[in-house]
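**Student:** Let me give you the structure first, and then I'll get to my questions.
In the working numbering, the protein residues as written are 3 to 196.
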């Protein structure tokens, strides 16, 4: 059985590889224009990505995933377009808590098999202007929901993490592995199985 990741996210691909899975990457390239409440949007976009590729890849298990981030005041976190936006957004997170929701949807032959999501709450330290300038200067904000990479130097901005670390990375990996195990995929992959 083939496994397809309907995403161009390098971190999601890395997580699946590290879990011992063999898969193909076929980005869905769907319209991600915000529709609906942010916390529901992660699941909707994950399903849309998986559905789009599933209709093209008969017989394959297709994974769609998406992530949203929200500040404690309800403002949605963005992927900053430039250093100025990154600096402004990270400054808003300084000393505050924000939430990430990561959702995954698994499809086969145009039908959703199962979906799930995980949440995490991250509290940033109070950031000095120097720390803010330093971090924006690393360039790690590029292409990241929230404008930082917790798996790299962005961890230095963090005071506290609650919930699933995988939700911060953008893929609820443990529940996803349960779904794949239930579909018999892990027995046919390179990785270990029960």
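Glycine is no exception: its CB is placed at the ideal position from the N, C-alpha and C atoms.
Nothing here was measured: the structure is a model prediction, and the numbers come from that model.
So, for residue 173: in the same chain, excluding its five sequence neighbours on each side, which residues have a beta-carbon less than 7 Å away from its beta-carbon?
**Tutor:** Once the five neighbours on either side are set aside, the close Cβ partners of residue 173 are 14, 17, 67, 104 and 106.
**Student:** Counting along the chain, where does the beta strand (DSSP E) carrying residue 125 start and finish?
**Tutor:** From DSSP, the beta strand (DSSP E) with residue 125 extends over 113 to 126.
**Student:** Please classify residue 99: does DSSP put it in a helix, a strand, or coil?
**Tutor:** DSSP places residue 99 in strand when its eight states are reduced to three.
**Student:** Could you say which of 60, 101 and 64 lies nearest to residue 24 if we only look at CA atoms?
**Tutor:** When each option's Cα is compared against that of residue 24, the closest is 64.
**Student:** Can you give the Cα-Cα distance for residue 144 and residue 138, rounded to whole angstroms?
**Tutor:** Roughly 9 Å between the two C-alpha positions.
**Student:** Answer yes or no: do residue 109 and residue 44 have a C-beta to C-beta separation smaller than 9 Å?
**Tutor:** No, they are not a contact pair.
**Student:** Under three-state DSSP, which class holds residue 69?
**Tutor:** In the structure shown, residue 69 sits in a strand (DSSP, three-state: E or B).
**Student:** For residue 78, write down the residues that DSSP places opposite it in a beta bridge.
**Tutor:** In DSSP, residue 78 forms a bridge with 72.
**Student:** Give me the DSSP bridge partner(s) of residue 105.
**Tutor:** Answer is 68 and 119.
**Student:** Let me make sure I understand the geometry here. Which of 40, 76, 34 and 125 has the alpha-carbon closest to that of residue 164?
**Tutor:** Ranking 40, 76, 34 and 125 by Cα distance to residue 164 puts 125 first.
**Student:** Looking only at its own chain, which residues have a Cβ that is under 8 Å from the Cβ of residue 9, when we skip the five neighbours before and after it?
**Tutor:** Contacts found: 15, 27, 29, 30, 51, 65, 66 and 67.
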